[in-house]
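Beneath this line is the structure, given in structure tokens, with notes to follow.
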Amino acid sequence: MADFKIATIPGDGIGPEIIVETIKVLEKIGGLYGHTFAFEEVLAGGIAIDEVGVPLPDVTIEVCKKSDAVLLGAVGGWKWDVLPGDMRPERALLGLRGELELYANLRPAVLHDALKGACPLRPDIAAGGIDIMIVRELTGGMYFGDRGRKQTPLGEAAWDTEMYAVEEVRRIAITAFELARKRKKHLTNVDKANVLESSRLWREVILDVAKNYPDIELDHLYIDNAAMQIIRDPGSYDVMVTTNMFGDILSDEASQITGSIGMLPSASLNKDGFGMYEPIHGSAPDIAGQDKSNPIATILSAAMMLQYSFDLDKEAKAIESAVTAVLESGARTGDIMSDGMRLVGTREMGRLVLDRIK
Ligand code: NAD
């Protein structure tokens, strides 16, 4: 029995509707298993720009820092697309990751049995199931490195820098090895060590950390090969660890082979296990406010929160089992709808999951 403070950031578009359903799920878990979840809602994204003039208000950061975990819906929308880069709603995400030092991004790509038909790969390729955990470094590399523009004889040029320090690699490597230990004990390191010096250092550190994990089978792929292997033979991967930029691309690719963007959760963790949990999809402005969005990715993000930040494995499993049971019952939101299934809205999907939590 424990008390947890959760900062909620509904954000924009479908964010508020999927967060509402997820809070109900957590409250039910709290009631059944004797925990108290106290929610504090804060602003970020487009709604924060509208209400207080900035995408990430200081008070949001303060509340998140004082909480045990953060649950985020999504930010962004057409309305704010005209704003300059540093005033865009998406800026809030980078700000939160940096301020909360969320360097480890975990994105599971799981193909649910009931949704096998949604997998774009040939049935024989996906037959053995897909359950990959992509571990992406989130606060370093090219997205945060030095950049600039200069004049050259060939005209204006622009540059970005990929740089990793040993400790940045070591901490993400430890996260990945520890995760592999709790799963199938297989870790695949993805880099570009045949070309990039930063990748050579990355791999040296991975190999060094591996000495502490003799029970984990470690192999290495270059990023270009990894992009091929993930669609050629996805069943043979367990945990994959990679840099910020490679992980950005690889995790999107992995998510696509599982069928729907509305199903996939994510966790971004810091060194203390504190985390921000959010669906991988965006704010889906095209269906916002129409009771059409799939709340499952956010509900499963809450399950990850229970598992990774609160150590409540049994409770996390209860949520995952409820989601599986609902899918097996044939209920589908529009994004995962197929012939012979029953179309439901956001609220109904939330209620069905709630009903099956035991
Ligand atoms: P998106 O993920 O919002 O939507 C892509 C497509 O998937 C849309 O057709 C949408 O209707 C559908 N979709 C997404 N989530 C769904 C769900 N839960 N249920 C059913 N259908 C769903 O991506 P986009 O259209 O490229 O971006 C829209 C906005 O979201 C942009 O402003 C973008 O910058 C922002 N965005 C935010 C995040 C985030 O908050 N983490 C991530 C990606 C994009």
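Numbering follows numbering that gives the first Met the number 0, with no gaps: position 267 of the sequence shown is 266.
No residue lacks a Cβ here, since even glycine has one placed at the ideal position from N, Cα and C.
The structure presented is a predicted model; accordingly, all values stated were derived computationally and were not measured.
Residues of its chain near residue i, where Cβ-Cβ distance is below 7 Å and the 5 sequence neighbours each way are ignored
| i | result |
| --- | --- |
| Glu314 | Ile28, Tyr32 and Leu305 |
| Ser308 | Asp67, Ala68, Gly272, Phe273 and Gly274 |
| Ile18 | Thr7, Pro9, Leu70, Gly72 and Thr297 |
| Leu217 | Leu186, Asn188 and Ala209 |
| Gly44 | Gly10, Asp11, Pro54, Val74, Gly75, Pro88 and Ala91 |
| Ser282 | Gly10, Asp11, Gly12, Ile13, Gly14, Ala73, Val74, Gly75 and Gly76 |
| Ile230 | Leu120 and Ile256 |
Per-residue burial, residue i [other beta carbons within 10 Å of its own, 16 or more giving buried]
| i | result |
| --- | --- |
| Trp79 | buried |
| Met262 | buried |
| Asp159 | exposed |
| Glu20 | buried |
| Pro264 | buried |
| Val325 | buried |
| Asn224 | exposed |
| Asn293 | buried |
| Met303 | buried |
| Asn193 | exposed |
| Met348 | buried |
| Glu196 | exposed |
| Pro152 | exposed |
| Gly246 | buried |
| Lys357 | exposed |
| Asp190 | buried |
| Lys291 | buried |
Distance, residue j Cα to residue i Cα
| i | j | result |
| --- | --- | --- |
| Val201 | Ser259 | The residue you asked about is not Val; residue 201 is Trp in the sequence shown. Using only the alpha carbons, I get a separation of about 32 Å. |
| Ile171 | Glu50 | 36 Å |
| Glu61 | Asp312 | 28 Å |
| Phe176 | Asp214 | 10 Å |
| Glu16 | Tyr236 | 34 Å |
| Asp2 | Phe36 | 6 Å |
| Arg169 | Ala317 | 33 Å |
| Phe143 | Leu99 | 15 Å |
| Gly253 | Ile279 | Gly is not the amino acid found at residue 253; the sequence shown has Ala there. Distance between the alpha carbons of Ala253 and Ile279: 12 Å. |
| Leu353 | Thr323 | 12 Å |
| Pro284 | Glu319 | 27 Å |
| Ser198 | Glu167 | 13 Å |
| Ile46 | Gly288 | 15 Å |
| Leu220 | Met162 | 19 Å |
| His34 | Thr59 | 25 Å |
| Gly94 | Asp57 | 10 Å |
Proximity winner among the options, relative to residue i (alpha-carbon distances)
| i | options | result |
| --- | --- | --- |
| Ile256 | Asp190, Ala126, Gly329 and Tyr102 | Ala126 |
| Asp112 | Ile222, Glu347 and Ser328 | Ser328 |
| Asp232 | His34, Lys23 and Ile129 | Ile129 |
| Gly139 | Asp123, Arg96 and Ala321 | Arg96 |
| Arg350 | Asp334, Gly333, Ala321 and Ile335 | Ala321 |
| Thr174 | Ile205, Trp77 and Lys357 | Ile205 |
| Asp358 | Val165, Asp251 and Arg180 | Outside the displayed span of the chain (0 to 357) sits residue 358, for which this structure offers no information. |
| Lys181 | Tyr212, Ile124 and Asn104 | Tyr212 |
| Ile295 | Ala179, Gly333 and Asp310 | Gly333 |
| Gln228 | Asn104, His34, Val41 and Ile124 | Ile124 |
Residues near residue i in its chain [Cβ-Cβ closer than 8 Å; skip 5 each side]
| i | result |
| --- | --- |
| Arg331 | Ser337, Met340, Arg341, Leu342 and Val343 |
| Gln150 | Ala156 |
| Lys184 | Asp214, Ile215, Glu216 and Asp237 |
| Ile5 | Leu25, Phe36, Ala37, Phe38, Glu39, Ser66, Asp67, Ala68, Val69, Leu70 and Met304 |
| Lys270 | Glu100, Tyr102 and Arg170 |
| Leu114 | Thr257, Gly258, Ser259, Met262, Leu326 and Ile335 |
6 Å Cβ shell around residue i - same chain, five flanking residues per side excluded
| i | result |
| --- | --- |
| Ile131 | Ala108, Tyr236 and Ala253 |
| Asp145 | Thr160 |
| Tyr276 | Leu70, Ala266, Ser300, Met303 and Met304 |
Any non-hydrogen atom of the ligand GTP closer than 8 Å to residue i Cβ
| i | result |
| --- | --- |
| Ala330 | Because the ligand GTP does not appear in the structure shown, any question about it cannot be addressed here, the ligands present being the ligand NAD. |
**Message:** Three Cβ pairs or more, each shorter than 8 Å: is that satisfied between the region 130-148 and the region 239-248?
**Reply:** The region 239-248 and the region 130-148 touch, with three or more beta-carbon pairs separated by less than 8 Å.
**Request:** Please confirm if the region 78-94 is in contact with the region 112-132, defined as three or more CB-CB distances below 8 Å between the two stretches.
**Result:** Two segments are said to touch when three or more pairs of C-beta atoms, one from each, lie closer than 8 Å; by this definition the region 78-94 does not touch the region 112-132.
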